[in-house]
Structure formats: structure tokens, C-alpha cells
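**Q** Start counting the sequence shown at 65; every next residue gets the next number (our numbering).
Backbone N, C-alpha and C define an ideal beta-carbon position, used for all residues, glycine too.
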Amino acid sequence: MKLAKLAAFAGSIACVGCLTGCSTLDRIIGADNWKDWTPTSTSIQVHQDDSLTETIFDQLDQSWYAGNELQDMIARSMNEYNAEHGEGAVNVTAYSDNGGNVKVVINYRSGEDFAAYNNAVFCSGSMLDAQMQGFLFSGPFYAVEGATLKDGGIEASQPLSHKEYSVVISDGSHVVQVPG
Numbered sequence: 065m066k067l068a069k070l071a072a073f074a075g076s077i078a079c080v081g082c083l084t085g086c087s088t089l090d091r092i093i094g095a096d097n098w099k100d101w102t103p104t105s106t107s108i109q110v111h112q113d114d115s116l117t118e119t120i121f122d123q124l125d126q127s128w129y130a131g132n133e134l135q136d137m138i139a140r141s142m143n144e145y146n147a148e149h150g151e152g153a154v155n156v157t158a159y160s161d162n163g164g165n166v167k168v169v170i171n172y173r174s175g176e177d178f179a180a181y182n183n184a185v186f187c188s189g190s191m192l193d194a195q196m197q198g199f200l201f202s203g204p205f206y207a208v209e210g211a212t213l214k215d216g217g218i219e220a221s222q223p224l225s226h227k228e229y230s231v232v233i234s235d236g237s238h239v240v241q242v243p244g
């Protein structure tokens, strides 16, 4: 059942990636306004070189955690990961704690580093790459216009006939921002 839910989720995410055109037009005309995006909720920003920036917003319950304990835990975890996977695989670039409202910005060298560090499902690439990694696109597909899902689904044959379309698959509850 979990695999079926993951497959349906992956299909929905695939459609969003496929139908937004990703960064093809931006590469042709040189537009890069997507880089100016400032997240306001927990999010992942996928960069053209496969690196990622994760921005985490959370509110700490002071009876359970102190901000400095969380910061120390993140630093230890990051250092352990980098010792095993190479310097620069994971870097915390910003940490703030304003009265228990925490914001952490983490850069990952690649999607593989994000997945391994967070013990999460993550895939960024073409639909063919995702299928070769075992992801199924059996769920519904939806057209996207700007940042809005259009009413009604589209025929699965439309996105599935374009294995070169870009896709981002994640099992996290992040807003995902891609070039384009």
C-alpha cells in the first residue's frame, strides 16, 4: 500500500515537473529569475547542477529542545556525514533562532546526498531516469499553469510519451522549486 501511495505521489510530482517546462526555456533565453525565490515555508530548491538548498522552518517547544542543542546536533550530524561522504557534501549555510522559531538553510552537493543524509526518497532527473530507478507513474496527471493546478486531469499518455521531461520526486512535505 505504501508503494502505491508513493507511486501516486510520484506521478503527481512528475506531472508538475513535466508540464511546467522546467528550465528549458530559461536555458535558451538566459532568464534566471527563479534564483531570486525566497522560501517562506520548509522547501527544497533544486539547482541546475543537481545541488539542492533546503530551507527548514520550525517552531521549537522550549520544554523539549533549546536552539543551541539543535544547532549542535545538526553540526555533529553534518560533520559525521561529510567525514564519510566527502567534505562539502552537506553544509549548513544559515541558522537562526528567534524565540523558538528556527530557520535552517542546508546546501547539499547532490540529490543523492539529500536522500542519504535525510534517509528520504528523492529523485531529480528525467522521467526515464526515475523509471530506471524503480519509480512508477501510475497516478493521475494534472496540467499546471504558472503555480496553479488546472482543473481536471490529462491523459497519462501525454507526459509518459516524453521520457526526456524533467521530474522531481520526494516523499517529504517540502515546497519544491526548480529552475524554470
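Can you round the beta-carbon distance between Asp-114 and Ser-174 to whole angstroms, since I take them to be within the 8 Å contact cut?
**A** 5 Å
**Q** Once DSSP output is grouped into helix, strand and coil, what is the label at Ala-147?
**A** helix
**Q** What runs of the alpha helix (DSSP H), each 4 residues or longer, lie entirely inside the stretch 172 to 206?
**A** Segments of the alpha helix (DSSP H) lying fully in the stretch 172 to 206: 175 to 182, 191 to 196.
**Q** DSSP three-state call for Leu-116: helix, strand or coil?
**A** The answer is strand: DSSP assigns Leu-116 an E or B state.
**Q** Please work out which residues of its chain come closer than 8 Å, Cβ to Cβ, to Ala-158, disregarding the five sequence neighbours upstream and downstream, and give them in chain order.
**A** Lys-167, Val-168, Val-169
**Q** Determine the contact status of Lys-227 and Ser-202, defining contact as a CB-CB distance below 9 Å.
**A** Contact flag unset, no.
**Q** Grab me the residues of Ser-188's own chain with a C-beta within less than 7 Å of its C-beta, minus the 5 sequence neighbours each way, in chain order.
**A** Same-chain partners within the cutoff: Val-110, Asp-114, Gly-175, Val-232.
**Q** For Gly-152, tell me which candidate among Glu-118, Tyr-172, Glu-219, Tyr-181 has the shortest Cα-Cα distance.
**A** Tyr-172
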